[in-house]
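Numbering (the working numbering), first residue to last: 95 to 242.
Let me begin by presenting the structure, written as C-alpha cells, before commenting on it.
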Amino acid sequence: MQCALELRFSGTRADFERAFGQLRGALDSVQLDAAPRYSVELVFEEIVANIVRHGAPDARKSELHVHVTLELGLELMRLTFEDDGVAFDPRARPDPPPPQSLDYRGGFGLLLVRHAASSLDYQRLADGRNRLTVVLPRTAVSTNARAV
C-alpha cells in the first residue's frame, strides 16, 4: 500500500475541520469511486469526531494530539488513527438500540464505521496512545463487516 496522506493535528474542532478539508483535497487527487470515497470520509469523520469529543477533557482539547494516515492499495484502503487521549476500544462498544422515534440522534457513528469496514483493530500502545486501524474495501462498500 502507498501512503496517500498523513495528517497531524490537535484535538480541537477547528483542527478537525481543517484536517477533514485536507483529507478531501487528497481524495480529489486520486482515482477513487464515489462509494469507497464516501466510506473513507465517513470513517474519518466519525472516528476523529469521537476522539475530539471524548479523548480529553475540554481544558485539554488543544493538548490532544491526533495522527491519521491513509494508505491506498489496489483492493484495500487503510486508515490508521493514533491519539494520546483516554483509552477507548470501539470494538468493545455494543451497537445502539434501534431509535424509538425519528427525533433520536446520536450513537450510530461506530455502527456505521463497523458496517463500512472490512476490519477494525485497536491497540493501547505502551506509551499510552490509542491506535485504531480501519481497513476498507476500495471497490465497493462492505455490508458484512463485523470484524475484530
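We treat Cβ as the ideally placed atom computed from N, Cα and C, and that holds for glycine.
Assigned secondary structure, residue i (DSSP; H/G/I helix, E/B strand, else coil)
i: Q263; result: Nothing about residue 263 can be reported from this structure: the residues present for the chain run from 95 to 242 only.
i: L204; result: helix
i: A241; result: Confidence is the limiting factor: at A241 the pLDDT is only 42, short of 50, which leaves the residue's position unreliable and the question unanswerable from this model.
i: R172; result: strand
i: V229; result: strand
i: D122; result: helix
Between the CA atoms of residue j and residue i - distance to the nearest angstrom
i: L226; j: L158; result: 16 Å
i: L170; j: L205; result: 20 Å
i: A239; j: R154; result: Confidence at A239 is low in this model, with a pLDDT of 45, below 50, so its placement is unreliable and the value that follows should be read with caution. Taking the straight line joining both Cα atoms gives about 34 Å.
i: I145; j: V207; result: 14 Å
Outcome for residue i when other beta-carbon atoms lying within 10 angstroms are tallied against a minimum of 16
i: E140; result: buried
i: S123; result: exposed
i: P130; result: buried
i: V229; result: buried
Beta-carbon gap between residue i and residue j smaller than 9 Å
i: Q116; j: L136; result: no
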